[in-house]
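Residue numbers (this note's numbering): 82 to 800.
Put into structure tokens, the structure is as follows:
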């Protein structure tokens, strides 16, 4: 036996000895980080998480009745559980988590290089330790699958039909997850088509073109089926009928083609035309695709109940408005670290592109850019999204580097990126929670929950009841609004399950999310065409905004058409919420139009004085315009916050954030209450906190046009 044989046997022996402890470690980690269902909680984020679940239960139409970044299936990945959806949510999240572990293990065991195996394992472990939500677990599954070159090359059409269909499902959970997944699989295919053209491989070109078509049709079909989950059987029947009709047409063309092929002695023009496609059945497939696509379009546009087009368009509206309305500026060191990571990863992408892996570097670049935007537009805890994504992207890129010298450098890069990601994450996470998960006691509890799901449900329900007890309304308030339609402003939707309220939400059901003029108009139309009997109102907002600025046109309508309830004229208090105001619908509006007709434009940082008559409210339609540099900067990164400095008649000053994309609908500028008590007086018609002048500020005015256009509207109050 030679030295090489001995080395191979020794290596094989070591592998077998490591197999069992590795298996035990994987099982332990799997159980330790098992995602458990969460109870209903109070607060801003828990409220929207509950709201999308409740909207799905009430069969509201997403894209019309409800407009949010999450879709009709969003409750599966982000919502708390209650009786109707507990098992759906729990089983779905466990399935995604299990599938992530399976593809991760498959990826690791198919790699021969131990260091690269370690990098993949560390990337997944880091994401679990810091905290990866279900949507990012799904994204990681897609990324890992696309790294299996051999499997993809064997079955591209079938695989991308499945991936496109799953992507369509993902778009109904969270719109941005649909963009992530559909974008990366199609960039992967486009790169493969380009490489096939370079290699002059006609078969590969056809296969990858059909794979793109399959992914697109799969995406649209599945999204249409599940857009209205309670009607999915009807939608499924329509899709099946379309498939059968298109299939019959395709088979008919194939049969005709076969007959013509058999008449080899025929030299007619039609025979020659069909002869072009005789080897690969290209024509029957083209006929099938064209017929099915046309039928699918007809089905989508003729659907009376819900509109896939509306869902996609309005989800895009709220997602695009996020970049400016929700931007926050954090540590420059975090941004510098992230940019350094980007530079190193792009260099690795350049290396593997030179080695012929454009099909991997291009989609990973797409995911890298979106994760950077998602993490640093709102530079708070969201930066964790970027931090957990970049190590996995880096480890997948390293798999394709063949030159030893470049491999060695890439290992140092990964180490740096891993450390940088930890540095970025640590200020935004509590180390106690992930460390607690790794403790044996917690792991044993998870194991018990895994095999006793009914007991888990009882535990979650108990926590829900405890949380909701903190927002219980007084009995006389509940009796007053019983069976009446209500809405909640700005966001505390937990009042609904806690008090069994008849909630009729605005399309953008949390005020701060009405980022654009279009979204504010949706809420205004909903409130004005179908007024609610009562509104529970809290004078609060986020990010230093004035509460009146969140949905300007909608709020102006509410002020004019609602008043303090005569039965509950003062603040309502609960253990968790204080100073709730109950508004009831007025018989007639208290506002009479008294348009000033004044149009002005003011430079940045210049004060504009206003004079307000007694019993009048002045609104300003403020139009901000981006410069070319600003448009580029917003697309690539984020928009800096715009602030409105207020000088009051009593010589006090306040500075509030204003949203450029929705301020054109008309913000109240004549009276801006500074606290809850002044807001209460405002709704009583006393109009406190009169404004003397205002000006606009931003940290970089070069990103905007030099002047801001303003047109004023005035309303005279009846009482």
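We treat Cβ as the ideally placed atom computed from N, Cα and C, and that holds for glycine.
Best match in the options for proximity to residue i [C-alpha to C-alpha]
i	options	result
residue 342	396, 362 and 685	362
residue 130	153, 114 and 452	153
residue 620	631, 614 and 611	631
residue 551	183, 271 and 655	655
residue 224	446, 759 and 282	446
residue 558	740, 398 and 649	649
residue 197	278, 488 and 218	488
residue 871	426, 671, 463 and 231	Lying outside 82 to 800, the shown extent of the chain, residue 871 is not represented and no answer is given.
residue 252	137, 396, 241 and 176	396
residue 440	457, 453, 229 and 741	229
residue 635	594, 519 and 264	594
residue 706	699, 179, 527 and 715	715
residue 789	779, 795 and 797	779
residue 553	540, 534, 576 and 562	576
residue 391	624, 723, 261 and 149	149
residue 156	145, 174 and 144	174
residue 284	204, 236 and 260	236
residue 400	270, 260 and 729	260
residue 668	601, 799 and 651	799
residue 726	776, 202, 293 and 167	776
residue 643	666, 629 and 126	666
residue 681	275, 791, 213 and 480	791
residue 205	216, 313, 469 and 386	469
residue 561	221, 571, 513 and 614	614
Exposure of residue i, with buried meaning 16 or more beta-carbon neighbours within 10 Å
i	result
residue 255	buried
residue 581	exposed
residue 752	buried
residue 194	exposed
residue 568	buried
residue 573	buried
residue 265	buried
residue 536	exposed
residue 190	exposed
residue 459	buried
residue 747	buried
residue 218	buried
residue 299	buried
residue 151	buried
residue 493	exposed
residue 485	exposed
residue 555	exposed
residue 417	exposed
residue 713	exposed
residue 282	exposed
residue 180	exposed
residue 784	buried
residue 172	exposed
Residue i and residue j closer than 9 Å at C-beta
i	j	result
residue 515	residue 495	no
residue 114	residue 187	no
residue 637	residue 664	no
residue 302	residue 377	yes
residue 450	residue 419	no
residue 295	residue 245	yes
residue 158	residue 258	yes
residue 589	residue 618	no
residue 475	residue 200	yes
residue 683	residue 750	no
residue 381	residue 330	no
residue 688	residue 728	yes
residue 144	residue 531	no
residue 443	residue 305	no
residue 697	residue 795	yes
residue 405	residue 626	no
Opposing strand residues paired with residue i [DSSP bridges]
i	result
residue 416	The partner list for residue 416 (beta bridge, DSSP) is empty, contrary to what the question assumes.
residue 459	409
residue 643	666
residue 568	616
residue 748	701
residue 790	682 and 704
> Can you give, in chain order, each stretch of the alpha helix (DSSP H) that sits fully within the segment 166-209 and has at least 4 residues?
Replying inline: Entirely contained in the segment 166-209, the alpha helix (DSSP H) runs reaching 4 residues are, in chain order, 167-190.
> Fully enclosed by the segment 675-739, which alpha helix (DSSP H) runs are 4 residues long or longer?
Replying inline: 709-717
>> Threshold first: 3 residues or longer. Then list the beta strand (DSSP E) segments lying entirely within the segment 572-652, N to C.
In response: 615-618 and 643-645
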